[in-house]
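Numbering (our numbering), first residue to last: 176 to 269.
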């Protein structure tokens, strides 16, 4: 999967502002626990890194349609983590 990342005006990856590394995003996207379609052709994925970190990743299809463009990624807030665990428990996926 081709993955590109949003950069801020200073040229830094936006995910860096949230202390998230590219490899963590790729790990979480390789086995997402949940993907939900959003507005404006965006998607929200929740996935777990190999280290067990739960990330919420906002992305769109890449402009050339060959992969995805990650807008941002950050740690899943605690309240959302609890809600996710309830949903996954109902689906027997946790």
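Each residue gets a CB set at the ideal place from its N, CA and C atoms; glycine is no exception.
| Check | Outcome |
| --- | --- |
| Collapsed DSSP secondary structure at residue 231 in the structure displayed | strand |
| N- and C-terminal bounds of the alpha helix (DSSP H) containing residue 205 | 197-205 |
| Test item: CB-CB of residue 228 and residue 199 under 9 angstroms | yes |
| C-alpha gap between residue 193 and residue 248, whole angstroms | 7 angstroms |
| Close beta carbons around residue 241, own chain, < 6 angstroms, minus the five adjacent residues each side | 177 |
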